[in-house]
Structures are given as C-alpha cells and as structure tokens.
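**Student:** In the working numbering, the protein residues as written are 94 to 676. Where is the CB? At the ideal position from N, CA and C, for every residue including glycine.
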Amino acid sequence: MVSKMRNTLRLFLILLAIARPTLANEVAAAAADSDPTGARWADRTLRQMSLEEKVGQLFMVWAKVESMNPTGPGYATLRDAMLQYHLGSFGITSPVEGGLLIKASPLDAAALTNQLQRDSPLPLLFAADFERGLPMRFHGGTGFPHAMAIGATGNADYAYQFGRISAAEARAIGVHWNFYPDADVNSNPGNPIINTRAFGEDPAEVSALVTAFIRGVHDGGGMATAKHFPGHGDTSTDSHLALSRVDATRPRLNQVELPPFRAAIAAGVDAVMVGHLLVPSLEPDPNRVATISYNITTRLLQQELGFQGIVVTDAMDMNGLTRIFGGNTPQSSARAAVQALKAGADLILIPGDLDGAYNGVLAAVKSGQLSEDRIDQSVAKILRAKAALGLHRNRFVDLNAVTSALERPENAALAQKIADDAVTLVRQSAPLLPLPLGSQTASRFAYHSAVAAANHLLVLVFTDDLRSENGRALEREVRVRVPDARILYIDDALAPVLAPQVLEAAANAERIVAAVYVVPSAGRAVAGGAAGSPALAYGTSAVLADLLAAAAAKTVVVSLGNPYLIAQYPTIRTYVCTFSNAP
Numbered sequence: 094m095v096s097k098m099r100n101t102l103r104l105f106l107i108l109l110a111i112a113r114p115t116l117a118n119e120v121a122a123a124a125a126d127s128d129p130t131g132a133r134w135a136d137r138t139l140r141q142m143s144l145e146e147k148v149g150q151l152f153m154v155w156a157k158v159e160s161m162n163p164t165g166p167g168y169a170t171l172r173d174a175m176l177q178y179h180l181g182s183f184g185i186t187s188p189v190e191g192g193l194l195i196k197a198s199p200l201d202a203a204a205l206t207n208q209l210q211r212d213s214p215l216p217l218l219f220a221a222d223f224e225r226g227l228p229m230r231f232h233g234g235t236g237f238p239h240a241m242a243i244g245a246t247g248n249a250d251y252a253y254q255f256g257r258i259s260a261a262e263a264r265a266i267g268v269h270w271n272f273y274p275d276a277d278v279n280s281n282p283g284n285p286i287i288n289t290r291a292f293g294e295d296p297a298e299v300s301a302l303v304t305a306f307i308r309g310v311h312d313g314g315g316m317a318t319a320k321h322f323p324g325h326g327d328t329s330t331d332s333h334l335a336l337s338r339v340d341a342t343r344p345r346l347n348q349v350e351l352p353p354f355r356a357a358i359a360a361g362v363d364a365v366m367v368g369h370l371l372v373p374s375l376e377p378d379p380n381r382v383a384t385i386s387y388n389i390t391t392r393l394l395q396q397e398l399g400f401q402g403i404v405v406t407d408a409m410d411m412n413g414l415t416r417i418f419g420g421n422t423p424q425s426s427a428r429a430a431v432q433a434l435k436a437g438a439d440l441i442l443i444p445g446d447l448d449g450a451y452n453g454v455l456a457a458v459k460s461g462q463l464s465e466d467r468i469d470q471s472v473a474k475i476l477r478a479k480a481a482l483g484l485h486r487n488r489f490v491d492l493n494a495v496t497s498a499l500e501r502p503e504n505a506a507l508a509q510k511i512a513d514d515a516v517t518l519v520r521q522s523a524p525l526l527p528l529p530l531g532s533q534t535a536s537r538f539a540y541h542s543a544v545a546a547a548n549h550l551l552v553l554v555f556t557d558d559l560r561s562e563n564g565r566a567l568e569r570e571v572r573v574r575v576p577d578a579r580i581l582y583i584d585d586a587l588a589p590v591l592a593p594q595v596l597e598a599a600a601n602a603e604r605i606v607a608a609v610y611v612v613p614s615a616g617r618a619v620a621g622g623a624a625g626s627p628a629l630a631y632g633t634s635a636v637l638a639d640l641l642a643a644a645a646a647k648t649v650v651v652s653l654g655n656p657y658l659i660a661q662y663p664t665i666r667t668y669v670c671t672f673s674n675a676p
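1. Are residue 607 and residue 651 close, meaning C-beta to C-beta below 8 Å?
2. Tell me residue 328's beta-bridge partners as DSSP assigns them.
3. When the Cα of residue 295 is compared with those of 311, 307, 276, which residue comes out closest?
4. Could you compute how far the alpha carbon of residue 503 sits from the alpha carbon of residue 450?
5. Quick check on residue 306: does DSSP put it in helix, strand or coil?
6. Look at the alpha carbon of residue 465 and the alpha carbon of residue 675, and state the distance between them as a whole number of angstroms.
7. Please confirm if the stretch 583-595 is in contact with the stretch 627-642, defined as three or more CB-CB distances below 8 Å between the two stretches.
8. Quick one: which unbroken beta strand (DSSP E) runs of 3-plus residues sit fully inside the stretch 128-194? Chain order, please.
9. Can you have a look at residue 190 and say buried or exposed, based on whether 16 or more other CB atoms are within 10 angstroms of its CB?
10. When the Cβ atoms of the stretch 544-555 are set against those of the stretch 515-522, are three or more pairs found closer than 8 Å?
11. May I have the straight-line CA-CA distance separating residue 642 from residue 655, to the nearest angstrom?
12. Based on the DSSP secondary-structure assignment, which residues constitute the bridge partners of residue 579?
13. So residue 200 and residue 495 are supposed to be a Cβ contact under 8 Å. How far apart are they, rounded?
14. Report the start-end ranges of each alpha helix (DSSP H) in the stretch 195-252 that is 4 residues or longer and not cut off at the edges.
15. Looking at the structure shown, is residue 120 part of a helix, part of a strand, or coil, going by DSSP?
16. So, helix, strand or coil for residue 519, using DSSP?
17. What did DSSP end up calling residue 673 once you bin it into helix, strand or coil?
18. Determine the extent of the alpha helix (DSSP H) in which residue 636 is found, giving its start and end residues.
19. Examine the Cβ distances between the stretch 455-464 and the stretch 407-423 and report whether three or more of them are shorter than 8 Å.
20. Less than 8 Å between the CB atoms is what I'm expecting for residue 178 and residue 224, so what's the real figure, rounded?
21. Please tell me whether residue 678 and residue 193 are closer than 8 Å, where the distance is taken between their beta carbons.
22. Restricting to runs no shorter than 3 residues, where is the beta strand (DSSP E) found entirely within the stretch 323-401?
23. Where does the unbroken beta strand (DSSP E) through residue 652 begin, and where does it stop?
24. Considering Cα atoms alone, identify which of 662, 263, 649 is closest to residue 669.
25. Would a C-beta distance cut-off of 8 Å place residue 287 and residue 315 closer than the cut-off?
26. Starting from residue 605, follow its DSSP beta bridges and name the residues at the other end.
27. I want to know whether the stretch 380-393 touches the stretch 353-363 - three or more CB-CB distances under 8 Å.
28. Classify residue 112: buried if its beta carbon has 16 or more other beta carbons within 10 angstroms, exposed otherwise.
29. Tell me where the alpha helix (DSSP H) around residue 475 begins and ends.
30. If the criterion is Cβ atoms closer than 8 Å, does the pair residue 583 and residue 153 meet it?
31. Can you say whether residue 259 is buried or exposed, counting buried as having 16 or more other CB atoms within 10 angstroms of its CB?
32. Among the candidates 250, 182, 138, whose CA atom is the shortest distance from the CA of residue 269?
33. Decide if residue 254 is buried, meaning its Cβ has at least 16 other Cβ atoms within 10 Å, or exposed.
34. Is the distance from the Cβ of residue 184 to the Cβ of residue 156 below 8 Å?
35. Suppose you measure from the CA of residue 118 to the CA of residue 672; what does that come to, to the nearest Å?
36. Do residue 292 and residue 508 come within 8 Å of each other at the CB atom, strictly closer than that value?
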C-alpha cells in the first residue's frame, strides 16, 4: 500500500541513487590510504594485547546517560566494569522509568563519553540507535521522522542528508557509530517491530535509500550499520519478545530481503547487524537463529555476499535468543556468546550476563573451542575501525562546541520539509480537508484560555500512554489555527471511562480528527500478546471503532505512525498518513 501512495517520480529518483552505489567505498578507501599510521597503530596494538584484553574488545554494553558525577557510585560502576572486562565499546542511551525514556541532554552524553575515554586504556567506540537522529535518545539535536516517511517522499537526497546530519551531530557528542540504516523490506503489513522503521516495501526503493543514507553517514564522519540481516521485514513477531521466523524461500530472499544488504555492502557499509531470526531456507536447524548460524553469518553474509566489515549481533538479552539458551544466566550467556563468535560475529551486543559471557569466551579459547586467531580477526576489525575514525589520535570531543554543532536552523528546516513532504492523503470520500480556520481571538491573560471549546472541531488523540509526548505538538498547532477546538486524549487505561464522553462530543461536532499514534516499539505487546503488535490497544481500538460506526462521514483519521492502520478499520472514509509520530 505504502509503495503505491506516490507517483512514478519516486522510481526515477531511486534509479538515480542506484547509479552511484560505490561512492562511499571510494571515499572510505581514500581515507584509509591517506592515513597508513592508523592501520599500523591497529596492528601494533593488537600484538601488544593480552587474551583478556582482546576478548573484552568483542563486547558492547549500555552506558545510560544521566547527570553523572565522575566521582560518584553510578559512574564508578560503569568504569569498573569497563576496566574489569577490558571493554572496547559502549552503546549510548538514556534510562527508562515506568516504560518512558528519561532523556538526558546531549551535553551530558558528551561529558560521559569524554570521561569514559579518559579512563580507558584504549580508545572506545560509542554506538547508538539514532534511527531518527539524536532526539530519539536525548533532548537536543535534529529530529527526523521515521524512515518510511522518507520512503513516502521518494527523495534519495533526503536519506543522504538524514545520514549526514545525524552522523555529524553524533560525532559532536562522541558517538561514532549509528546502528542504522534499517535495510529490512517491510513486506508484511502486520510486522510489529519493523513497520515504519523501514524505508518501504519495494526492494529497489529500500536499496536506493539505504545507499544514500550510508553515503551521508560517511560524509558526516560516522559509521553506519545495515540491519537486521538477513531481513526482518516479513515477520509477524517482535524478536524482543519471542522467536521471529522468516519462511521465505531462497529465491524469494534473493528477490526481496537480500538486495538492500547487497546495496549496503556495495556502498561500503561499516557493519551489518544480524537478527535473531529463524530462516529455514538458509539454516535448517530450528534452534539456530541467524545470530548463531554459521550458514547465515559466515557462508551467506561474509563469503557469498563478500562483506568484510564488522558483524555485530542484535542485543543478546532479547527473548528471541535467550529462550533458546534458557534465559540470561551466566551459563546461557556464555553459550550464546561463544556460538555467535563461532557463527562469525565480531561484536557481542548487550550480553544478558556480561561476566558469564566474557568468561565463557575466555574459557572457550583456552579449551580450544575458539582459536586465538579467530579472536584476533575480530579484534583487528574493531581496532581498524577506531583508527579509521581517528580515535588513535584524538578520542575526545570539545564540550564547548556541542551546542553550536546541534542547534542549526537549516537542519531543523530540512527535517520539517521531509516531514511535510511525507504527509499523504490516502483516501477522502467527502470534502473534509482542509479544515476551516477558527477565530483568532487573543487573551489578555497569560494563564487564561482565549476561547472556550466549541463543537466545530473535535480532535481525539489516541496514544499508548498519556504521559508521552504524543499529541502535544499536534495540539499546539491545532490551537494556533482553531483556538476553539475541543481536544481529548485517550489511552488504554482511560478508554472505558472516556468512551461515552467521546461519542457524545462526536455527535455534536461538525468535524472530527482522530489522530492515532501507533509506532513500532521494542517489546510492545497488546492484550497480552506474546508476539508484539503494531495495532491500537484493545480499549482505544474499541473507542475508535465505535467512533467510526457513529461518525465516519465527518471523521478524518490521521495515522501518525503505522500506515497499515486502515486495514483494521475499513470504514475509514478520510485517511491521512504521516508515517511517524516525531513531533
């Protein structure tokens, strides 16, 4: 459906982008040739490392950014783990409380990366999931809409600029490596975890936009990651919650799932993240997800597709993997890490139990299950990546330059233009749009509403959690244009209580906007479902269904996220997609 929402201009733009697949490779090769001292540093460093130090380079754990005193216990725990296990990298994020991300500032993040670099014997790699830019994790930087919004525009330059700006801003706070782009082809409308994180449904389109994004990341000075190999788009299960299975045949994989990864490799992508995916046509063992499959990670990715960069696992604490090994115990974490390395992984991301995983790999080398040469191969890739980033010369960022690097009006304007161009009117059976403006009466009092709510426009915000940011930007923009609009927020907990009020307000309104915020989110389960869901929760879904039954003719449903929502509610008569909930 999404791939049919724009005209054929998209295909022309995509073909233009495909015509330059090797540019990033050429840039990367030139950079490597210009600094042979980096390669020498990496080789010399590897020769001087103990086995324990080398094994530590193969693990990445979370560093959660808070206003952290370098002499306090919170930082000491992080630093001590780094030194004890000789860690070579960290994933940067913000802590979660009560299901909500408690975002820190980019300056806090920069201070933390600098402090850890200061306390580490070797330069550290810092990575993050900046799938929509820095604001996905922090308060600050340029926020972009989801990838599918860019796919809806059909503009490869938007993908390039997104990659370039997000990489440059990440480097400003000491983060070198983005776990992006998503190279999945979202061919399953019911996919609960990929959905709008993918650029689209068409392999050629996704390939072109992935290529452009990677080129932008390289020009912004960062590292890019194509994920989730060999393709997570045709699944109906969230691998954070349970095993995800891809039942595609090998010919189908060659046609749909693999082309974007081939394009990413041709574009010089720095890393490929392997997903916790069962793919019977590639790996017949039902207990070997791609992360621990030699057939998928080594034979297909590295030998057949020719990828020579860093192979990183998806997070090893996810249920899609841990249920195979019996949880996140030290023993199960050890077995999982060893099997991932045997399969061909270079970096173990977020082990369920770091101590168990680290010591399990050490024991495997000492017992001969893994050779030290095999460990050296992976460590060499990681050290060379650090050298290519210039970390052997300078591992720190300038804290005084952080704010000026992030607060650039031209970047915010570009992100807004992308979001504007993505908005798509999918269906309109009655002339409800554009909405008429309301009266522009100003109040003389700062804390007094200028206009009482009327019955001309009713805006209903459907969200997972009233505490989230969903709907706040929309409400502000509506108030500017229609000051007397009535606006109600509905989440699953309040839906049964608000249902009568919603229907009464709808009966009296002239026009209704139902703004539905549903985005793919790790571990999101609806009505106790174990597989995840891209749908509204039960209570809010019932309210929307009742609203459409009573007032579909005067209701505009706006999907601020999952564009496939219309399949659940076929009686929608006017439907608009933004493909993202980014404010």
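**Tutor:** Reading off the structure:
1. yes
2. Within the DSSP secondary-structure output, residue 328 pairs in no beta bridge.
3. The option with the nearest alpha carbon to residue 295 is 276.
4. 45 Å
5. helix
6. 46 Å
7. Flag = yes, the stretch 583-595 and the stretch 627-642 touch.
8. 152-157, 182-186
9. exposed
10. no
11. Their Cα atoms are separated by approximately 21 Å.
12. 551
13. 5 Å
14. Counting only runs of at least 4 residues, the stretch 195-252 fully encloses the following alpha helix (DSSP H) elements, listed from N- to C-terminal order: 199-212, 240-246.
15. Below a pLDDT of 50, predicted positions are generally treated as unreliable, and residue 120, at 37, falls in that range; no measurement from the model is reported.
16. strand
17. coil
18. 631-644
19. no
20. In fact, because the Cβ distance is near 28 Å, the residues do not count as touching under 8 Å.
21. In this structure the chain extends from 94 to 676, so residue 678 is not present and cannot be described.
22. 364-367
23. 648-652
24. 649
25. no
26. 551, 648
27. no
28. Unreliable placement is indicated for residue 112, whose pLDDT of 35 sits below 50; no coordinate value is reported for it.
29. Counting along the chain, the alpha helix (DSSP H) containing residue 475 begins and ends at 465-481.
30. no
31. buried
32. 182
33. buried
34. yes
35. Because residue 118 carries a pLDDT of 40, less than 50, the predicted location of this residue cannot be relied on, and the following value inherits that uncertainty. The alpha-carbon atoms of residue 118 and residue 672 are separated by roughly 31 Å.
36. no
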